[in-house]
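For the record, the sequence lines run as chains A and B.
Going letter by letter, the first sequence gives residues 1 to 119 in the working numbering.
Going letter by letter, the second sequence gives residues 120 to 639 in the working numbering.
Here's the structure we're looking at; comments come further down.
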Amino acid sequence: MTNPYVPLLVMGLLAFVMGLAGLLSSAVIGPKRYNKIKVDAYECGIQPSPHAASGRFPVKYYIVAMTFIIFDIEVVFLYPWAVAFTELATFGLIAMIAFLLLITVPFVYEWRRGGLDWD
Amino acid sequence: MTFVPPSIDWAALAPIVIVLGAAVVGVLIEAFVKDAVRRMVQVILAVVALGAALVTVAWRWTVVQAQGPAELVGGAIVEDTPALMAQGVVLICAFLGMLVIADRVGGEDGFTPVAAGAPGSTYEAQARRLGLVQTEVYPLVLFSVGGMLVFPAASDLLTLFIALEVLSLPLYLLAGLARRRRLLSQEASLKYFLLGAFSSAFFLMGLALLYGYSGSVRFADLAAAVPAMVGMDVVLLAGVVLVLVGLLFKVGAVPFHSWVPDVYQGSPTSITGFMAACTKIAAFAALVRFLYAVVPGLTWDLSPLLWTIAILTMIVGTVLAIVQTDIKRMLAYSSVAHAGFVLLGVIALTSSGISSVMFYLLVYGVATVGAFGLVTLVRERDAEGNVTGEATRVEQWAGLGRRHPVLAVCFTLFLLSFAGIPLTAGFVGKFTVFAAAVEGGAWPLVVIAVLASAAAAFFYVRMIVLMFFTDPDQDAGSTVVRTEGTTAIAVAVCAVATVVLGVVPTPILSLTSEATKFML
């Protein structure tokens, strides 16, 4: 039996080569015909908003992003808890309620301090 | 496999629960309490919480003395005397640091009212005219202290990592909140965040390797696996070294020190004092636990590495401190050098090493909080005579001893303690650490440390000469602003502690030597 880390090393090397091969082959054999749409920023198919460098722009999205993180983290823990609900029994229930109450605190803070008002 | 819920000893967790609970309540205060009284409520809550946690730690100390150490929450946290000692020292420095943070020096909050506003923008000027304050600082500091309380008590790598993040994330934010010199502050915040995230990645990689090596993240299982496993030394050593990188980064040891001067300079000065003292205490306590609990079998493999780091830290910190022209940067490099001195006690790998480290950290912590507290008071004047930002250029402190003797004498005291002059606490601290290092057989390090201390004395004494024996430069006129009183109290306590620990250190020394009696 060889070192158990050898397959891991081989897999890492293969992943590296695959990534590099994709980049290299598209750089070498890909056609290079640029037009405006091709070099534009990609925003899921909609008209890209003006460049950040060209002036002031609202950064309100960051509050939405942070709100998302609150609930994202909540769900990350809720799913495994739901799967192991019967095993964890009362201890898990109490711990989860404590967690949910705590994670509501930043949301309450955001709501009271106007983070949910768009204008 | 059935799930067995861990029993939770709430009394033993009380110090941590008090501080983190107060932080959560602080966030709710932000949400519901009116602007006019919010700051007052936050300050009272924070000070009371830190004081209560300190009292609880003292109570738990007596309990552990009577009943011995214990594992809490399924072995994630231990309650033993080194952990309680470190928590006590963190809480003392955090309490004093909180008094400095709470002070509206010169009638102006030290923190920016609009953290997102660009420096010099009309938005910012408007907020300043309206007298807006951000009181989120207090819960953030409490969250950070909560992490620092878990850090030295963590007994598995995952808890250690979570504590590391809980203590770091609020500090990244706090570093960027300075009211004056916004650009420097924002730069400090970003640098600290990026480099901190980078070092956390190292820590996590090390954690993963150690888990792969031993199949457990618990310190005890790791320690048991070290002599049992043969032929996987590379994984073990790589893991240990990577975890050490994460811890040494927080400590600010060379070559992981590059963030220290920029962050200490750019952060609000009261935060710098808190961060310089408390982070270092917590990180060294965790480092000591990791080295003593996990890798005593690796002493021979690790000591060349640790010796190199200690020597580099002492020399680089001292030499670069000599050439600084900014007081905050000078204190930052001096704190790097002090990290090197503390490393001597850590390397000694004896019980007297642990107790000397604890004593040194207390001494360094009070002097640091006091010194940075005084820096917040000395301000510049612009052409119209308005008081502006802090006078951090060294030459602006010229002649301060004549105009403000009390302030200059206190600052001198802290500098003498940093330099390790007899009859100050710093001397006793250095003496105990050097003695422990000699006992542990690290005498070449002690020789270098003594030489570095002698060289370091140069820039501390130069500062003293500048304050007392140099005529003030009229162009660089500085002034001392009025405090609300809390900074004065904190500085006075720090000064008294520096003298008392230097003249009659025996009670505290016997306390710190008891700290190793019940180590889990």
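A virtual CB, placed ideally from N, CA and C, is assigned to each residue, including glycine.
Could you list the residues in the region 143-173 of chain B with a C-beta less than 8 Å from some C-beta on chain A, going in chain order?
VAL143, VAL146, LEU147, GLU149, ALA150 and PHE151
Return no unless some Cβ of chain B is closer than 8 Å to the Cβ of GLU74 of chain A.
With a threshold of 8 Å between beta carbons, GLU74 of chain A makes no contact with chain B.
Taking a contact to mean a Cβ-Cβ separation below 8 Å, would you say VAL354 of chain B touches TYR332 of chain B in this structure?
yes
ASP590 of chain B - DSSP class collapsed to helix/strand/coil:
ASP590 of chain B sits in coil when the DSSP states are folded into three classes, being neither helix nor strand.
Would you say PRO124 of chain B reaches chain A, if we count a Cβ-Cβ gap shorter than 8 Å as a contact?
yes
Okay, do the region 423-437 of chain B and the region 499-508 of chain B touch, 3+ Cβ pairs below 8 Å being the bar?
no
Residues of its chain near GLY187 of chain B, where Cβ-Cβ distance is below 8 Å and the 5 sequence neighbours each way are ignored
PHE637
Applying the criterion that 16 or more other CB atoms from any shown protein chain within 10 Å of the CB defines a buried residue, is VAL584 of chain B buried or exposed?
exposed
Between the region 70-99 of chain A and chain B, which residues of the former have CB atoms less than 7 Å from a CB of the latter, in chain order?
Cβ contacts with chain B come from GLU87, LEU88 and PHE91.
Return no unless some Cβ of chain B is closer than 8 Å to the Cβ of VAL10 of chain A.
So no, VAL10 of chain A is outside the interface.
I'd like to know whether the C-beta of TYR42 of chain A is nearer than 8 Å to at least one C-beta of chain B.
Chain B, which has no Cβ nearer than 8 Å to the Cβ of TYR42 of chain A, makes this no.
Following the continuous beta strand (DSSP E) through GLU514 of chain B, name the residue where it begins and the one where it ends.
Premise fails: GLU514 of chain B is in no beta strand (DSSP E) and is neither H nor E.
Are the CB atoms of ALA568 of chain B and PHE460 of chain B within a distance shorter than 8 Å?
Closer than 8 Å, so yes.
Does LEU102 of chain A come within less than 8 Å of chain B when only Cβ atoms are used?
yes
In angstroms, rounded to a whole number, what distance separates the CA positions of TRP180 of chain B and THR200 of chain B?
7 Å
Per DSSP, what kind of secondary structure is GLY416 of chain B in: helix, strand or coil?
helix
Taking the continuous alpha helix (DSSP H) assigned at VAL525 of chain B, which residues delimit it?
524-538
Please say whether LEU261 of chain B and VAL138 of chain B have beta carbons closer to each other than 8 Å?
yes
Which word fits MET18 of chain A, buried or exposed, when buried means at least 16 other C-beta atoms lie within 10 angstroms of its C-beta?
That one is exposed.
Tell me ALA342 of chain B's beta-bridge partners as DSSP assigns them.
DSSP lists no partner for ALA342 of chain B.
Taking the straight line between their C-alpha atoms, what separation do you get for MET159 of chain B and PHE270 of chain B?
29 Å
Counting only beta-carbon atoms, is VAL64 of chain A nearer than 8 Å to chain E?
Among the protein chains of the structure shown, namely A and B, there is no chain E.
According to DSSP, is ARG500 of chain B helix, strand or coil?
It is a strand residue.
Please check the pair LEU493 of chain B and GLY559 of chain B, which I expect to be a contact at CB under 8 Å, by giving their CB distance rounded to whole angstroms.
That belief does not hold up - the Cβ atoms of LEU493 of chain B and GLY559 of chain B are roughly 36 Å apart, past 8 Å.
Roughly how many angstroms separate the alpha carbons of ARG223 of chain B and LEU535 of chain B, rounded to a whole number?
28 Å
For MET642 of chain B, I'd like the list of residues in its chain whose CB is within less than 6 Å of its CB, leaving aside the five on either flank, ordered along the chain.
Not covered by the structure: residue 642 of chain B. The range shown for chain B is 120 to 639.
Nearest neighbour of LEU642 of chain B, chosen from B:VAL612, B:PRO624, B:VAL622 and B:LEU628 [CA to CA]
It is not possible to answer for residue 642 of chain B, since the shown part of chain B is limited to 120 through 639.
Since VAL132 of chain A meets chain B, which of its residues come closer than 9 Å, beta carbon to beta carbon?
Outside the displayed range of chain A (1 to 119) lies residue 132 of chain A, so it cannot be described from this structure.
Backbone secondary structure at SER126 of chain B - three-state DSSP
coil
Taking GLY484 of chain B and GLY472 of chain B to be in contact with their CB atoms under 8 Å, please state how far apart those CB atoms are, rounded to whole angstroms.
GLY484 of chain B to GLY472 of chain B, Cβ: 18 Å. No contact.
Measuring alpha carbon to alpha carbon, tell me which residue in B:GLY621, B:ALA172 and B:MET204 is nearest VAL183 of chain B.
B:MET204
Within 10 angstroms of the Cβ of GLU243 of chain B, are there 16 or more other Cβ atoms? Answer buried if so, exposed if not.
buried
contact_flag[the region 70-83 of chain A, the region 99-118 of chain A] where n(CB pairs < 8 Å) is 3 or more:
yes
Consider the Cβ of VAL105 of chain A: report whether some Cβ of chain B lies at a distance smaller than 8 Å.
Judged by the 8 Å Cβ criterion, VAL105 of chain A is in contact with chain B.
Against ARG113 of chain A, what residues of chain B qualify as contacts under a CB-to-CB distance less than 9 Å, listed in chain order?
GLU149 and ALA150
Just curious, the alpha helix (DSSP H) that SER287 of chain B is in, first and last residue?
276-294
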